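Residue numbers (our numbering), protein chains in the order written: chain A, 35 to 392; chain B, 35 to 392; chain C, 16 to 410; chain D, 16 to 410. Scroll down for the structure; my scribbles are underneath it.
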Amino acid sequence: MDFSITADQRLMQESLARTLEAAAPLGRVRRFAADRDEAGADVWAALADFGLPGVIIPEEHGGLGLGLLDAALAAEALGRAVAPAPFLGAVAASVALTRGGSAEQQARWLPGIASGKVVAGLAIGEAVAGARDGMGVKASGGKLTGGALFVTDAMIADLFVVADTSGGLHLVAADAPGLTRSVVTSIDLTRRLGELRFDGVPAEPLAAHTLDAVRDAAWTLLAADTLGAAEVMIEKAVAYAKERRQFGRVIGSFQAVKHMCAEMAAELEPCRALVWYAAYAFDDAPAEASLTAAHAKAHTSEVGRFIARTATEVHGGMGITDLLGLHYWFKRIGLNRQLLGGPERVRRIAAQIQGLAA
Amino acid sequence: MDFSITADQRLMQESLARTLEAAAPLGRVRRFAADRDEAGADVWAALADFGLPGVIIPEEHGGLGLGLLDAALAAEALGRAVAPAPFLGAVAASVALTRGGSAEQQARWLPGIASGKVVAGLAIGEAVAGARDGMGVKASGGKLTGGALFVTDAMIADLFVVADTSGGLHLVAADAPGLTRSVVTSIDLTRRLGELRFDGVPAEPLAAHTLDAVRDAAWTLLAADTLGAAEVMIEKAVAYAKERRQFGRVIGSFQAVKHMCAEMAAELEPCRALVWYAAYAFDDAPAEASLTAAHAKAHTSEVGRFIARTATEVHGGMGITDLLGLHYWFKRIGLNRQLLGGPERVRRIAAQIQGLAA
Amino acid sequence: MDLRFTPEMEGFREEVRTFLTKHRDRYVGDAVRPREAALEWQRLLIDHGYAARTIPREYGGYGAEPDILKTRIIAEEFTRVGAPRGFANQGISMLVPTLLEVGSEEQKKRWIGPTLRGEVVWCQGYSEPGAGSDLASLQTKAVEDGDDFVISGSKIWTSTAAQADMIFCLVRTEPDAPKHDGISYILFPMTTPGIEVRPLTTMTGSAEFNEVFFTDVRVPKSGVVGGRGRGWFVANATLKHERGMLGDPNATEARLHALIELMKTESVDGRRLIDDPVFCDRAMQLQARVLTMKFNGLRNLTASMAGEASGMAGLVVKLQGCELNHQIAALAIDALGELGVLYEDGPHLRAKGSWQWNYMFDLGLIIGGGTAQIQKNIIAERGLAMPREPKLASA
Amino acid sequence: MDLRFTPEMEGFREEVRTFLTKHRDRYVGDAVRPREAALEWQRLLIDHGYAARTIPREYGGYGAEPDILKTRIIAEEFTRVGAPRGFANQGISMLVPTLLEVGSEEQKKRWIGPTLRGEVVWCQGYSEPGAGSDLASLQTKAVEDGDDFVISGSKIWTSTAAQADMIFCLVRTEPDAPKHDGISYILFPMTTPGIEVRPLTTMTGSAEFNEVFFTDVRVPKSGVVGGRGRGWFVANATLKHERGMLGDPNATEARLHALIELMKTESVDGRRLIDDPVFCDRAMQLQARVLTMKFNGLRNLTASMAGEASGMAGLVVKLQGCELNHQIAALAIDALGELGVLYEDGPHLRAKGSWQWNYMFDLGLIIGGGTAQIQKNIIAERGLAMPREPKLASA
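Shown next as structure tokens:
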């Protein structure tokens, strides 16, 4: 009966943070970023031990049976740690199956996803954010043709959730005939993207109208990831400002620097409540889910850009060096901003959801 | 052979500033603002003595024969003084007649405008900024029907420059049969606006394609007026910050206040060069005139809003009082922003001018 | 996180709806000096727990336990039918919480009830011409004389001073103490001889504030609240309540709603304003901010009802809330184009000029009650534990 | 205000065009360590007065009088055909103007010519890990030993250090003097024993900068420019030139042009990016800013050629110019949507990832050469005569 996260949720988040400190410290993230072929299996295994891949999967299918708010709190922790992990795909596939899969499909796929053994990639970019470079997937007679870009974890996934251009959703096994995949490199080397090419690839259709739920969940997780990454950038900026001395005093005693930090905090803190609410609405207030997820995604992206830039500035020249590594958070926020639609695109959808735009 | 104003132009501006100090000090402006029926004839007479109404009118018609840059420098001085004067209409009518009037029309109207005896009002708002409230003027058989809002100096004008909805431009005498006028009150009480109703009013058509030039000149003058008003707001904010003490020191020694002042100056100073260039281009680089006038209008409006707000903030509570009267500049900038199109509208036109928008 | 309504809560909602339907013809709104019908409506609201809900019954309130859901239901149902929510003046929002925290038993008994019922109207005497952001440097002095203080000096930004019965005022009672320790918080009648009120006209064209001048104003010492010389700390408790009030997310949501309605009904060249993608995008940006502040407000309410500190989520409310209100008004003005600058009267004026009025008045709110710069200092120092402004060599 | 081209100027334009057509096959661009063809092109440019135009002939320049119109014509014509404009390294943009202002006759004769011709490559040794915004606190020490100084310490943000022949460097020669008076500006070869260069990788993924470590580096005293202990003032002359360079409006205009071309050619769901009114509006906002900085630049150039101080118009260039470049890159990324985050390689990458590269590198430029905060201090203190940061009680 309240607007807050529970003590259990707080404990889960703290425990996950400790797991990530051990399994994915910055040095581990750097190795993942440096070796583009590395799959990060050890990190994912640690998260699987934690139960994270199945966070929203019902217990009868081997998951933790929790809600999207718990998943969002986990995404925040992953963002804080700039941790490499195919978590977005796991949750998106969980949503796709629980909301749009048959009992048989659920039984076949969910336990593998929950255990972390089946890695899922998300290929809905064109349907949500628009198609570029002649991309887009057409479905006909149970087969898919075309291409999808910006597919999460494309090279290591066992299963893909694919949207066609009419908004239909499909499951595609990674070893399906006619499917080819290739690497796409973004600024953010803590995540992996890829391109899929479909040449008459057999696919399992999911129920109609499932795409919106998958999109809303993914938007919320991306917002939560940015929330976590931006928190860390503020913390690092504040710590640096308290320690770095110029002109005989710590720079944090200069009002300009103080106010940069205050503005970052003032922008970010209210985002937290919106991210929480969007995640809560996904499970408990469906009429508000899409609008709040859209706004959480778009607004947190804008705030994230402001913080990524401002926190870097507070660090002065050190902020742009690889020595400090602040750029991992900067770029994480940068990818979250554009993935599944930049803020302008997502706000347009927010207007459409309310009937304010065609 | 240079990008600067001449010593003569600088002298003219300084001399005009002295004229305005004498003829329109803040106390005089306050009286004009308080008595809505007052015409400000003394101020206009002082400016007419100066030759200002005919600044761009050729000498053979009794004007000073100068260029739009000189008019813009004068508008800047008027904005600095928040002076009430039907100057925009005088220059706009001069442009309409010199660019689109016959020799006979020029001979008939220009000497009166140049002497300040014929006051001109500008009624092109609907054609430039779009029609609201069912307004808009239709021309047929030499007669005008419809309505025009936001007409400058409507109640005291002898002559109106009126645009019809197809972009044609007309001269209408204030005493023409079928013309009725009424007061429209804006936040800015240093200028007067009105509404015109046309019921088959006889009008003198001007040459086709004259509207763009009238619009460009008016945009440039509005930008210059904002430039002047914003300069004063910065000067007042800086002076106040150097004098007002809180916490045992002048507030201008706080970095937050210093940076607010620095940001205002950094935003405004480059506007000056753009306003100059737009005015210069009007006479000497016609291919660039419309685009630079549009950008001068839109950008100076955005910067003006920022400064109006920030300079008020630097003044703390005193900034919002009538005691200090800072709001006269605030509101002057506010009206300039919206008149003949807010920034969004004008930027859209800027895109159209370049063929970037339909 | 659980905002679902149980059957019990749905029952409560039904109760509120029944009340609102039954008393539909008695709705009377707030006013500085309310008329009898408004006083009656206020009493009715208190009797039913829709106003002064959590204030103890012995002091004239309804005496209910804090309950976020019931509070939310009341707000929703009153907003839905447009019923006036009871008085929200400075006496109720600032003085009453202060008296509850630090007032003597006698002060609570004497003032809270009449204030809640609208029978006593208050004004606030804090800022002075020379003491704005640096409020603790205030100079209005109160000189001890037997059982009285004799007060001289002046105050500024005192709204409703002309209509108020009473003032809660900060005065310097110990001129030799350090500046924060020499101040007392004192209550006295505005009818006391020696008080002069001068209206202070602002940029909106109206006099929302006053200056108040004190010349040898003799008032009893018994009016001091929270102990002589403790006024700075008493006032800070009150300022905290003011900051909360200035960032009311419900009012902001209502304003956004009005903006979107405006954009759906107004048009230029036959096209609705909302159909302009540039303005629509700005409206959506503001809607996102409104949602963040709405949910942030629920989060703060939850913390406050659980007796927990709201931390950063509370510190940012004034800064972000005031700015957001200002920006909503700015978009309305921009979308209205030339119509957006009209003011005062005339057939083309929209919403009685309230968008322009709000745009200007909100700028005053951004400045008042702790400027944006002071808010940022507070956020940095209290929220982020950054260093305070260092002491100067020459200060 | 007169930017018309007289027949004489049109004749000059024709001359430039003829040159550019004639030597079309010799175009070779800048590089840290230019190849012979590039050195030849540079010499050709100097011979014709298209590079080093106003530098006296005796020091290896072309020796022309400053002429804003000719300068503009050269820039326009070179830009029109995409011809490389001659070297623009730190030696040419920072050291040469400094030597012209305060160098000895021997230093001018020895260094300016080879630097202009690209035969000598320089790097800059100013910032240190502990001396960034507070550059005057630098600690690299130069201890006198006969005719030499022996230098120890380290520098950071030294671009091209690995390729440079020479360094112009700030060192502390008078450890007991007040901090601004103990610094000297000295030139010495990067081949001197005891110098170690370590690449400094940044967020772009490349090492645009280096750290440079000095261990007992022995260099002759004759390398000091502008007098021993005068280095702070010499460096400030140089920094002024750097600030001008970082805000080059021609480069900004070219970048905006590229952005608009991108928006005209790229599309999403079959609609061109420029046809999205929200992105188009942002492009127009940036175009207005580009025009302000372009004309502001012409205004500064006029003032500089007339020997007048540019005042506020000059002080704002670095702050506004760097931010504008960054914002242009940001819009390109936003308009490209998901494509905007691609980097390094791959078939879908646009413009070799240069939008992202610029977005990140420009953030470094906003910070480097005086952070935005330092720029605002300078604008307030020098431009608006506001008080300097007050002295602290404890400092």
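Glycine included, each C-beta is placed from N, C-alpha and C at the ideal position. Note that the structure is predicted; figures quoted are calculated from it, not measured.
Alpha carbon of residue i to alpha carbon of residue j, nearest angstrom
i       : j       : result
R215(B) : L183(B) : 10 angstroms
T224(B) : I268(B) : 20 angstroms
G359(A) : G353(A) : 8 angstroms
L351(C) : F376(C) : 19 angstroms
A126(C) : I201(C) : Per the sequence shown, residue 126(C) should be read as Trp rather than Ala. Taking the straight line from one Cα to the other gives about 13 angstroms.
Y362(A) : R381(A) : 27 angstroms
A290(B) : K309(D) : 29 angstroms
K367(D) : N373(D) : 11 angstroms
M205(C) : Y74(C)  : 23 angstroms
L230(B) : D71(B)  : 17 angstroms
T199(B) : V171(B) : 6 angstroms
N370(A) : T260(A) : 7 angstroms
E134(D) : E359(D) : 32 angstroms
A296(B) : A400(C) : 27 angstroms
A119(B) : G150(B) : 10 angstroms
M178(D) : V240(D) : Going by the sequence as given, residue 178(D) is Gln instead of Met. Straight-line Cα distance between these residues: approximately 22 angstroms.
G383(C) : R343(B) : 14 angstroms
V162(B) : T216(D) : 53 angstroms
P456(C) : K276(B) : Given that chain C is displayed from residue 16 to residue 410, the structure contains no residue 456(C) and the question cannot be resolved.
R306(A) : T307(C) : 8 angstroms
Below-9 angstroms beta-carbon distance, residue i vs any chain C residue
i       : result
E297(A) : yes
R215(B) : no
Cutoff 9 angstroms: residue i Cβ touching any chain A Cβ
i       : result
A350(C) : no
H63(D)  : no
F281(B) : no
I412(C) : One cannot answer for residue 412(C) here, as it falls past the ends of chain C, which runs 16 to 410.
A177(D) : no
Residue i - containing alpha helix (DSSP H), residue span
i       : result
F183(D) : Premise fails: F183(D) lies in the beta strand (DSSP E), M181 to R187, not in any alpha helix (DSSP H).
V129(B) : F121 to G134
Span of the beta strand (DSSP E), counted from its first residue to its last, around residue i
i       : result
Y358(D) : First-last for Y358(D): undefined, no H or E at that position.
F229(D) : F224 to P235
K172(A) : G170 to S174
A182(B) : K177 to T186
A191(A) : Neither: A191(A) is in no beta strand (DSSP E) and is coded neither H nor E.
K156(C) : K156 to D160
Short CB-CB distance (under 9 angstroms) between residue i and chain D
i       : result
S136(A) : no
D42(B)  : no
Any C-beta of chain B under 9 angstroms from that of residue i
i       : result
A410(C) : With a pLDDT of only 41 at A410(C), under 50, the local geometry of the prediction cannot be trusted, and the value read off the model is given with reservation. Output row for A410(C): interface = yes.
I289(D) : yes
S325(C) : no
Rounded distance between the beta-carbons of residue j and residue i, thought under 8 angstroms
i       : j       : result
L103(A) : W253(A) : Actually they do not touch by this definition, with Cβ atoms about 14 angstroms apart.
A106(A) : A58(A)  : Contact doesn't hold; Cβ gap of about 19 angstroms is too wide.
A412(A) : V217(A) : Because chain A is modelled from 35 through 392, residue 412(A) falls outside the range shown and cannot be assessed.
V153(A) : V248(A) : Their Cβ separation, rounded to whole angstroms, is 17 angstroms, which puts V153(A) and V248(A) out of contact at 8 angstroms.
D149(D) : G164(A) : No, D149(D) and G164(A) are not in contact; Cβ-Cβ is about 48 angstroms, not under 8 angstroms.
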